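Visitor: Read top to bottom, the protein sequences are chains S and C. To convert a position in the first sequence, counted from 1, into the numbering used here, add 435. To convert a position in the second sequence, counted from 1, into the numbering used here, add 217. Idealized CB from N, CA, C, for every residue including glycine. Note that the coordinates shown come from a computational prediction; the quantities given were computed from them, not determined experimentally.
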Amino acid sequence: MAHIAPTSNLSLSQRIFRGLLRTLPADFRANFGHEMEGVFAEQKREVETRGGPLDFLKLWWETLLGIFRTAPREHWDILKQDCAYAARMLANSPGFTVTAVLTLALGIGANTAIFSVVHSVLLRPLPYHDGQQLIFIRQQAEKVGIADIQFSAHEVNDYREQNRTLAGLVEYHGMSFTLFGHGEPERVSTGVVSANYFDVFGVKPLLGRTFEPADDRTGAPPVLVLSYEYWKNNFGADAGIIGKTFELNDKVHTVIGVLPPVPQYPDENNVYMPTSACPFRSSPKMSENRDMRMMEVFGRLKPGVTLPQARADLATIAERMKSEYAKSYPESIGYGATASPLQDELTRAARPTLLVLLAAAAFVLLIACANVANLTLARMARRERELAVRTALGAGRSRLLRQLLTESFLLAFVAGVLGLAMAYGSLELLTQFAARLTPRAREIHIDAGVLLFTLGAALGTSIVFGTISALFARANLASGLKEGSAGAGAGRSRNRMRSALIVSQIAFSFMLLIGAGLMLRSLAKMQQVNPGFVPQRVLAMKITYNWAKYAGVGQYALAAKKLLGRVEQEPGVLSAAVSSGYPLEPELISAGPDSNFATFQVEGRLLQPGEAPPTTSTAAASPGYFRTLGIPLTAGREFADTDDHNALNVAIINQTMQRRLWPNENPLGKRVSYDDGKTWTTIVGVVGDVREFGLDRPPISEMYVPVAQTGGMSTLIVRSAADPEAIARRMREVVHEADSQTAITHEMTVEQAREESLASPRLTATLLGLFAALALLIAAAGIGGIMALAVSQRVREIGIRMALGARPADVLRMVLGHGLALTFLGVAIGAAGALALTGLAKSFLFEVTPTDPLTFAGVALVLLASALLASFLPARRAASIDPIVALRNE
Amino acid sequence: MTRNKNVEEFLPMTPAMFQVLIALADGEKHGYAILKEVARRTEDTVRLSAGTLYGNLARLESSGLIVESDARPAIGLDDERRRYYRLTEFGREVAVAEAERMDTALSQARAKKLFRKTRLA
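1) Determine whether the beta carbon atoms of S/Gly692 and S/Arg644 lie at a separation below 7 Å.
2) Please name the residue or residues paired with S/Ile1179 in a DSSP beta bridge.
3) Tell me which residues share the same chain as S/Pro460 and place their Cβ nearer than 7 Å to its Cβ, disregarding the 5 neighbours each side in the sequence.
4) Please give the ranges of any beta strand (DSSP E) in the stretch 1124-1177 of chain S, keeping only runs that are unbroken, at least 3 residues long and fully inside the region.
5) Pull the bridge partners of S/Ile584 from the DSSP assignment, please.
6) Closest Cβ-Cβ distance between C/Gly281 and chain S: below 7 Å?
7) Can you list, in chain order, the stretches of the beta strand (DSSP E) that have 3 or more residues and sit fully within the stretch 1259-1321 of chain S?
8) Does DSSP put C/Gly246 in a helix, a strand or coil?
9) Whole angstroms is fine: what's the gap from S/Met946's alpha carbon to S/Tyr563's?
10) Is any beta-carbon of chain S found at less than 7 Å from that of C/Thr269?
11) Check whether chain S comes within 7 Å of C/Arg385, counting only Cβ atoms and requiring the distance to be less than that.
12) Applying the criterion that 16 or more other CB atoms from any shown protein chain within 10 Å of the CB defines a buried residue, is S/Asn527 buried or exposed?
13) Under a CB-based cut-off of 7 Å, is C/Ser266 close to chain S?
14) Tell me which same chain residues have a C-beta within less than 6 Å of the C-beta of S/Val969, skipping the five on either side of it?
15) Take the Cβ of S/Glu457 as the centre, count every other Cβ of all protein chains shown within 10 Å, and call the residue buried at 16 or more, exposed below.
16) Taking the continuous alpha helix (DSSP H) assigned at S/Val791, which residues delimit it?
17) Can you look up C/Ile283 in the DSSP assignment and give me helix, strand or coil?
18) For the structure I just gave you, are there three or more beta carbon pairs, one from the stretch 1141-1158 of chain S and one from the stretch 959-976 of chain S, closer than 8 Å?
19) Per DSSP, which one or two residues make a beta bridge with S/Phe612?
20) Report the rounded CA-to-CA distance for S/Tyr760 versus S/Gln597, giving the unit in angstroms.
21) Would you check if the stretch 570-581 of chain S and the stretch 729-745 of chain S touch, i.e. whether three or more CB-CB distances between them fall below 8 Å?
22) Shortest alpha-carbon distance to S/Gln418 belongs to which of S/Ala795, S/Pro765, S/Gly734 and S/Gly769?
23) Please give me, in chain order, every unbroken run of the beta strand (DSSP E) with length at least 3 that falls completely inside the stretch 1053-1087 of chain S.
24) Which of the three DSSP states, helix, strand or coil, is assigned to S/Lys686?
25) Would you call S/Thr1290 buried or exposed, if buried means 16 or more other Cβ atoms sit within 10 Å of its Cβ?
26) Quick check on S/His880: buried or exposed, where buried means 16 or more other Cβ atoms within 10 Å of its Cβ?
27) What residues in its chain sit with their C-beta under 7 Å from that of S/Arg622, if we drop five residues either side in the sequence?
28) If you measure between the beta carbons of S/Glu731 and S/Tyr607, is that distance less than 7 Å?
29) Comparing the C-beta of S/Gly487 with each C-beta of chain C, is any distance below 7 Å?
30) Just mark S/Pro1110 as buried or exposed, buried being the case when its beta carbon has 16 or more other beta carbons within 10 Å.
31) Per DSSP, S/Thr1117 is paired with what?
32) Could you work out which residues of chain C lie near S/Thr505, taking near to mean beta carbons separated by less than 8 Å?
33) If you check the beta carbons only, do S/Ala959 and S/Val1142 fall under 7 Å apart?
34) Hey, is S/Val474's beta-carbon within less than 7 Å of any beta-carbon in chain C?
35) Beta-carbon within less than 7 Å of S/Glu1186's beta-carbon, same chain only, minus the 5 sequence neighbours each way: which residues are those?
36) Taking a cut of 7 Å between CB atoms, which residues from the stretch 245-264 of chain C lie near chain S?
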């Protein structure tokens, strides 16, 4: 062995050179390292004697270049060799390879799938020009707990004209109009927007143009912009669509443009029109009354303006408005205005669910990793001889480790590709799921970010289980050549590692199962909730009238009566009603309880200074509404035909409102006003509480007013004697017979609506349950594997025991006991972990505590049973060992 | 050590590798001597450093073109740190093949009257 000078004796140059050598592979270094040092030393000596400082620098430069050219090449060569070797090794043990790849692929696939959703929805910027500058502006009444009040025309104008921080401020509201002139009267969802709406979003038209300020002026000729999907699906992407005209309700609109295929916020609409073209928006009632609110407002920050600056600006305007129009913004409601990034608004609902799912997927991956680590460790034991021989033949230790890690990475890489394919296949399902939570769902696709994530996951997992196995390979390279089975010490520490892995798998599975279990219990509780009405056998249809034909509430009432008269005569119809909506309808759930609120005053009660005025949610209903839906009447009477627009204004309240305002009095006969005392409404009845906005949301104050007095008939509700779907077709015909110009949309049974309202929690619970089941499967497989291995390692010991008198039942008990002991430990750790994470779970659960003992007990039982099942086969094999055979075969 | 019987696999060769082979053509040398000779013979156009020299030597050794020599010079002139390398028969074949390849190329260039002046004989 050549003499290598200790580092302390070397000069600085030589020390630096030796350091540079470390960039070369260890084997190369061992082979040529000291020779290279010698050559460098001689080169240096020559330069020192014959050259100047320039030659010295030149030497260093060339040396550096040389090493930095050679090192990568050598590493690459080794990588190629290792990969070829790894591929051969993996192909030689197909059982291990297939199991490991599949296990990892499931874990990586689950993570990639969820991450692609998280990435597309939460992380990627909005697909609009400078999307992070877009904000959503809302008004608030803090003191009455309303976080999102819509805007009136006056308010939109005030904010638009007075702000100093926004490059554009636009309004939006969604309507549905009936489109004539293209087949059957068709309902089109319409976005009514400011002229510069698309400019603020930075959307350029695909065909034609978008709106200009001239289009938005009062009296301008009505124009339309079509959405891409609507144009493609309903007009066959006809390029000559520009200039065609359609009749929407009472106006003839000209198509001036088609949008490109961009996601539309806040709703997906078929068409768009400027505010001047919408009969409601441009009616005197809307444009002159500061308190007629129905718009949403978006803005774009000026370049360089921050969100806090914009918020301060809006707050200033709000203050100004409060002092100028004290009646509209009484001090007691705590009026203010604020803004938030549009991206946050659109993803807020989805964020918690997605993050929980990502965490669950990460758990599955960890469990899969532990399994593969276990498999690898078992395989290590069989390869000890091979590794020892290679060491004896001169392979450096670090080279062996490197090779093992390469093998791990190859495995993980293949698993990653497979996992990516799985994720790709599940994208559509995931998109449907996410669509309930955010409008960004349509943007979900696999892109470079997701690919990078998959690569990272593969790399990460390979490092985790590769390192574990490499650590144990290192420990016993020397002992591998000894006769007989693996060296006792190394074997024991390996077994301990394996047991530790199993315990951790069980702990993680426990936590996942608890999560899934809690969600399932939560779901079950929601399904059992009494909604306050009878949803079975009720059909609901959204109907859109041609508004222009009905000039006033009186005519609405007549139309409603005519329709109901016809409907109730039909066979199979028990009762019918019209109303502004029905409980648990999808639009109501997504709009939330803030959408219909109104403040009012109670006759005879003055507000204390600083006291907030009472608020209630309002709905319109025809006589028979409560009967049709099965909502119980607890006091007074239902609406009657005599409650029309010539009669006294009446209202029916629900029990929550009664409890809140007249807890100890009879509310019948009391009067309220929501226009400051100009008109008064008398309460004539009280009905039971209904869960309008979701089975998991408690009922709020509700006030019903007759359709005949206020209009608002957008829904037809029919209770049928038999299956409601059977009469749906006839009902459509009846509606058209009553008025051929009505458009019908969105018919579903109320039962279906109720199921729909549970769809999101159900899907989340299903996904979590799927992950948990996967985890359980992988963990159980792991337990079975390690049990089988333990048995095979202890064949001799078992043989001796049996020869000494142990019965098969004792052996069975011993093996099963081992498996159960590990499981108990894992359950205990998992339970501790689950208890620690309970705080996070609370917001997801409905009437279930995060520490629900039933769920914990159930999951523990499931895990123990699975462990027993997995250990059974190996245990039985152990019990059936013939001691003579066992002792003979060593 | 993987021995490739196929000479063509090594052609064409980098100038540095060829120069190392030629340096060993007339007898075995240690690393530094190879480096010095290559620098001298090519008039510094091919400059090897410790890294590139041993990168080439490692390749040549693993392909069986050179081997470590057992013969050592007389005691006194020997430095234990130096390993001596010599050309194998196969290595000689490969070097010859490369030289012939370059010769063919040169003849073809001449035949096509590539060289204006008769600078190269």
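Guide: Reading it off the structure:
1) For the purposes of this step, residue 692 of chain S is identified with residue 257 of the first sequence, where counting begins at 1. For the purposes of this step, residue 644 of chain S is identified with residue 209 of the first sequence, where counting begins at 1. Result yes, Cβ atoms of S/Gly692 and S/Arg644 sit closer than 7 Å.
2) Indexing the first sequence from 1 puts residue 1179 of chain S at position 744. Paired residues: S/Ile978.
3) Numbered from its first residue, the first sequence carries residue 460 of chain S at position 25. Same-chain partners within the cutoff: Glu509, His510 and Ile513.
4) Those beta strand (DSSP E) runs which fall completely within the stretch 1124-1177 of chain S and span 3+ residues are 1137-1141 and 1150-1155.
5) To locate residue 584 of chain S, count along the first sequence from 1; it is residue 149. DSSP output for S/Ile584 lists S/Gln574 as bridge partner(s).
6) As a working mapping, residue 281 of chain C is identified with position 64 in the second sequence. Residue-level contact check: C/Gly281 does not touch chain S, since none of the beta carbons of chain S fall below 7 Å from its beta carbon.
7) Counting whole runs of 3 or more residues, the stretch 1259-1321 of chain S contains no beta strand (DSSP E) stretch at all.
8) Sequence index remark: in the second sequence, residue 246 of chain C carries index 29 (1-based). The question names Gly, but residue 246 of chain C in the sequence shown is Lys. Here C/Lys246 sits in strand by DSSP.
9) Counting from one through the first sequence, the residue named residue 946 of chain S turns up at place 511. Counting from one through the first sequence, the residue named residue 563 of chain S turns up at place 128. Put simply, the backbone Cα of S/Met946 is about 40 Å away from that of S/Tyr563.
10) Numbered from 1 along the second sequence, position 52 holds the residue referred to as residue 269 of chain C. Cβ-Cβ to chain S under 7 Å: yes for C/Thr269.
11) Beyond the ends of chain C as shown, which are 218 and 338, falls residue 385 of chain C; an answer cannot be given.
12) Translated into the one-based positions of the first sequence, residue 527 of chain S becomes position 92. Label assigned to S/Asn527: exposed.
13) Your numbering for residue 266 of chain C matches position 49 in the second sequence. It does: the Cβ of C/Ser266 has a partner Cβ on chain S nearer than 7 Å.
14) Counting from 1 along the first sequence, the entry for residue 969 of chain S is found at position 534. Closer than 6 Å at the Cβ level, and outside the excluded window around S/Val969, lie Gly1065.
15) The residue labelled residue 457 of chain S in the question sits at position 22 within the first sequence. At residue 457 of chain S the sequence reads Arg, which differs from the Glu that was named. S/Arg457 is exposed by the Cβ-count criterion.
16) Position 356 of the first sequence, counting from 1, holds the residue named residue 791 of chain S. Boundaries of the alpha helix (DSSP H) around S/Val791: Ala785 to Ala827.
17) Working through the second sequence from its first residue, we reach residue 283 of chain C at position 66. Assigned with DSSP and collapsed to three states, C/Ile283 falls in strand.
18) Contact between the stretch 1141-1158 of chain S and the stretch 959-976 of chain S is present, because at least three Cβ pairs lie under 8 Å.
19) By one-based count along the first sequence, residue 612 of chain S stands at place 177. According to DSSP, which records beta bridges pairwise, S/Phe612 is partnered with S/Val623.
20) As a first step, residue 760 of chain S must be located in the first sequence, where it is residue number 325. As a first step, residue 597 of chain S must be located in the first sequence, where it is residue number 162. Separation of S/Tyr760 and S/Gln597 (C-alpha to C-alpha, rounded to the nearest whole angstrom) is 15 Å.
21) Three or more pairs of CB atoms, one per stretch, sit closer than 8 Å, so the stretch 729-745 of chain S contacts the stretch 570-581 of chain S.
22) Because chain S here runs from 436 to 1325, residue 418 of chain S falls outside it and cannot be looked at.
23) Assignment of beta strand (DSSP E) within the stretch 1053-1087 of chain S, counting only whole runs of 3 or more residues, yields 1068-1071 in chain order.
24) The count along the first sequence starts at 1 and reaches residue 686 of chain S at position 251. Three-state result, S/Lys686: strand.
25) Translated into the one-based positions of the first sequence, residue 1290 of chain S becomes position 855. In the assembly as shown, S/Thr1290 is a buried residue. Its beta-carbon has 16 or more other beta-carbons within 10 Å.
26) Taking the first residue of the first sequence as 1, we reach residue 880 of chain S at position 445. By the neighbour-count rule (16 or more Cβ atoms within 10 Å), S/His880 is not buried but exposed.
27) In the first sequence, residue 622 of chain S corresponds to position 187, counting from 1. Contacts found: Ser611, Thr613, Thr979, Ala1178 and Thr1180.
28) Reading the first sequence from its first residue, position 296 is the one you call residue 731 of chain S. Reading the first sequence from its first residue, position 172 is the one you call residue 607 of chain S. Result yes, Cβ atoms of S/Glu731 and S/Tyr607 sit closer than 7 Å.
29) Residue numbering aside, residue 487 of chain S sits at position 52 when the first sequence is read from its first letter. Closer than 7 Å: no.
30) On the first sequence, residue 1110 of chain S is found 675 positions in, with the first residue counted as 1. Note on residue identity: the sequence assigns Asp, not Pro, to residue 1110 of chain S. With a 10 Å radius around the Cβ and a threshold of 16 neighbouring Cβ atoms, S/Asp1110 comes out exposed.
31) Taking the first sequence and counting its residues from 1, one reaches residue 1117 of chain S at position 682. Partner residues in the beta bridge of S/Thr1117, as assigned by DSSP, are S/Val1085 and S/Arg1106.
32) Taking the first residue of the first sequence as 1, we reach residue 505 of chain S at position 70. Those are Gly268, Thr269, Tyr271 and Gly272, listed as they occur along chain C.
33) In the first sequence, counting from the first residue as 1, residue 959 of chain S sits at position 524. In the first sequence, counting from the first residue as 1, residue 1142 of chain S sits at position 707. Contact: no.
34) Locating residue 474 of chain S in the first sequence gives position 39, where the first residue counts as 1. Output row for S/Val474: interface = yes.
35) Start at 1 with the first residue of the first sequence, and residue 1186 of chain S comes out as number 751. The residues are Pro970 and Gln971.
36) Flagged, chain order: Gly248, Tyr249, Leu252 and Arg264.
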